[in-house]
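Student: I have a structure here, written as structure tokens, and I will follow up with some questions on it.
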């Protein structure tokens, strides 16, 4: 990351960036802290009155924007035209690293698959529009997650031609995504997905792999040879009515249930029985009523919300500042995803160790502690000797006082500062040096027979 960013800066400007691995860690730490504080403009973290010392004392404003503007994980010149056929080649290294870490996580008995959007409104051919999402415009990311929101695998959509399933039938985009993720799951795992992914051939294929599949299914994906109760007939029987049909030869089951409207579920491991109860609001009677609910509906509702949970946690403390580069947006989003995953594992480990709930950090505290660690100078694994020295920060400039303060003459007294060097006079238009300083304004001003900048400055 540090090397590729420095190369990108040199290719763009012809100058040496003189960065280090530690400085890139500072950059990521500042980005994480900004996602927690969420100022409306990034420059406010260095502005007078809103300055954040944890960031501003480590990275200057211009240095931060220089690193952000040249943030890279690849050298563009190292890739051939064939390698660039991968539309994600500019971010592939960080995607592979985080994806490999996700795939090493233990698999729970039940997982879900859904779409996720990496918010981006700039220019890129990868941009998609998915209605119904909190941020409908951006890069589409298919995600495999546990019911509590832990991301176990993901794949950013590049186009139908880029998605190929080895050793499996081509069932279409949605089903192929499920087959792709299914390769990392042990036998007996229950998968849950929505109507975008579900087809009966997919449910049958999962059964052949000894995997349990359940999902809502579109009407036009149900074969005409399969007889299901008509929506109007179910509606007449009342809310909570259900109808089931089973194909013994393929091991699939279709359950149609009437809630506010009719919903059809397909599964290879669970059906209508046992029928439970759920509470629903009756608009007509203005009361809550108990409504019959098939077992497949209960299981689906219990296990399907993992990706939405991940989206919700990411949206709480995510970096929202605009950028024209989809690569920067994608890499920072993946870093946020890794941070949320780390917090979920930390919570789980803390619970196993018997840590009281009140002592377990929330997501905000966890991410802030991670940011402080990356911004600190005493991290373990400090810079090696072969890293270039970091550029020294400029001396802090004392700002000019406001007009009412500088003209309150009775409070201003000059003092001679006993220091080995003179400081530049701060009176506008004067470039001389002096050792006299105003005790109230805390700035240096000339007091000589030839120049009385002290009087001029406080008389304006």
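Numbering (the UniProt record's numbering), first residue to last: 1 to 460. C-beta: ideal position from N, C-alpha, C; glycine also. Quantities reported herein were computed from a predicted structural model and do not represent experimental measurements.
Which runs of the alpha helix (DSSP H), 4 residues or longer, sit entirely within the stretch 35-60?
Tutor: If we require 4 residues or more, the alpha helix (DSSP H) runs fully inside the stretch 35-60 come out as 53-56.
Student: How about residue 282: is its Cβ closer than 6 Å to a heavy atom in the ligand SAM?
Tutor: As presented, the structure is devoid of all ligands, the ligand SAM included, so that no description of it is given.
Student: Compare the beta carbon distance of residue 141 and residue 156 with 7 Å and say whether it is the shorter of the two.
Tutor: Yes. Within cutoff.
Student: Kindly confirm or deny that the stretch 153-168 and the stretch 314-322 touch, where touching means at least three C-beta pairs closer than 8 Å.
Tutor: No: the two stretches stay apart, fewer than three of their Cβ pairs being nearer than 8 Å.
Student: How many Å lie between residue 114 and residue 6 at the Cα?
Tutor: The straight-line gap from Cα to Cα measures roughly 37 Å.
Student: My output table needs one value for residue 381: the three-state DSSP class, helix, strand or coil.
Tutor: Caution is warranted here: a pLDDT of 45 is assigned to residue 381, below 50, making its placement in the model unreliable, and the coordinate value is therefore given only provisionally. Note: residue 381 maps to coil in three-state DSSP.
Student: In this structure, how does DSSP classify residue 1 when only helix, strand and coil are distinguished?
Tutor: Of the three classes helix, strand and coil, the one that applies to residue 1 here is coil, per DSSP.
Student: Mapping the DSSP letters down to three states, classify residue 284 as helix, strand or coil.
Tutor: Residue 284: coil per DSSP, three-state reduction.
Student: DSSP beta-bridge partners for residue 119?
Tutor: 138.
Student: Identify whether residue 362 lies in helix, strand or coil by the three-state DSSP scheme.
Tutor: Coil, per DSSP.
Student: Would you please verify whether the beta carbon of residue 100 is less than 7 Å from any beta carbon of chain D?
Tutor: Within the model displayed, chain D is absent; a lone protein chain is all it includes.
Student: May I ask you to report which of helix, strand or coil DSSP gives residue 33?
Tutor: Residue state, collapsed to three classes: helix.
Student: Terminal residues of the continuous beta strand (DSSP E) containing residue 348?
Tutor: Counting along the chain, residue 348 falls outside any beta strand (DSSP E), though it belongs to the alpha helix (DSSP H) covering 326-352.
Student: Sorted by chain position, which residues of the same chain lie with C-beta nearer than 8 Å to residue 188's C-beta, five sequence neighbours on each side aside?
Tutor: So the qualifying residues of the chain are 109, 210, 211, 212.
Student: Taking the DSSP output, what are the residues bridged to residue 246?
Tutor: Partner(s): 253.
Student: Would you call the CB atoms of residue 116 and residue 311 closer than 7 Å?
Tutor: Yes.
Student: Relative to the C-alpha of residue 430, which residue among 442, 417, 447, 439 is closest?
Tutor: Comparing Cα positions, the closest option is 447.
Student: Quick one: using the 10 Å Cβ neighbour count with 16 as the cut-off for buried, is residue 472 buried or exposed?
Tutor: The question about residue 472 has no answer, for the chain in this structure spans 1 to 460.
Student: Considering residue 215, what are the terminal residues of the beta strand (DSSP E) in which it resides?
Tutor: Start and end: 212-216.
Student: Measuring alpha carbon to alpha carbon, tell me which residue in 243, 153, 178, 42 is nearest residue 228.
Tutor: Measuring from the Cα of residue 228, the nearest candidate turns out to be 243.
Student: Reducing DSSP to helix, strand and coil, say where residue 102 ends up.
Tutor: In the structure shown, residue 102 sits in a helix (DSSP, three-state: H, G or I).
Student: Below 8 Å on the Cβ atoms is my contact criterion, and I expect residue 253 with residue 276 to pass it. Report the Cβ-Cβ distance as a whole number of Å.
Tutor: Going by Cβ atoms, the distance from residue 253 to residue 276 rounds to 17 Å, so no, they are not a contact pair.
Student: In the structure shown, what three-state DSSP assignment does residue 125 receive?
Tutor: DSSP places residue 125 in coil when its eight states are reduced to three.
Student: Among the residues of its own chain, which have a CB less than 7 Å from the CB of residue 416, if the five just before and after it don't count?
Tutor: For residue 416, where only same-chain residues beyond five positions count, the Cβ hits under 7 Å are 435, 436.
Student: In terms of DSSP beta bridges, what is residue 277 paired with?
Tutor: 292, per the DSSP bridge assignment.
Student: Short of 6 Å in beta carbon distance, which residues of its chain neighbour residue 137, apart from the five on each side in sequence? Order them along the chain.
Tutor: These residues qualify, in order along the chain: 121, 129.
Student: Which residue from 248, 232, 8, 150 puts its Cα closest to that of residue 343?
Tutor: For residue 343, the nearest C-alpha among the options comes from 150.
Student: Just the Cα atoms here: how many angstroms apart are residue 351 and residue 357?
Tutor: Going from the Cα of residue 351 to the Cα of residue 357 covers about 8 Å.
Student: Reducing DSSP to helix, strand and coil, say where residue 175 ends up.
Tutor: Helix.
Student: Just to confirm, is the Cβ distance from residue 412 to residue 440 under 7 Å?
Tutor: In contact: residue 412 and residue 440 (Cβ atoms closer than 7 Å).
Student: DSSP puts residue 110 in a beta bridge; with which residues?
Tutor: According to DSSP, residue 110 bridges with 190.
Student: Do you know how far the Cα of residue 95 is from the Cα of residue 383?
Tutor: Low confidence applies here, because residue 383 scores a pLDDT of 45, under 50, leaving its location unreliable; read the following figure in that light. Approximately 25 Å, taken between the alpha carbons.
Student: Please list the terminal residues of the continuous beta strand (DSSP E) segment that includes residue 266.
Tutor: 262-267 is the span of the beta strand (DSSP E), which, as asked, contains residue 266.
Student: Can you grab the Cα-Cα spacing for the pair residue 355 / residue 100, in whole Å?
Tutor: C-alpha separation (whole angstroms): 29 Å.
Student: Tell me the start and end of each unbroken alpha helix (DSSP H) in the stretch 427-455 that is at least 4 residues and wholly inside, in chain order.
Tutor: You should have found no qualifying run.
Student: Would you report the Cα separation of residue 371 and residue 365, rounded to the nearest angstrom?
Tutor: Near 10 Å, if we compare the C-alpha coordinates of residue 365 and residue 371.
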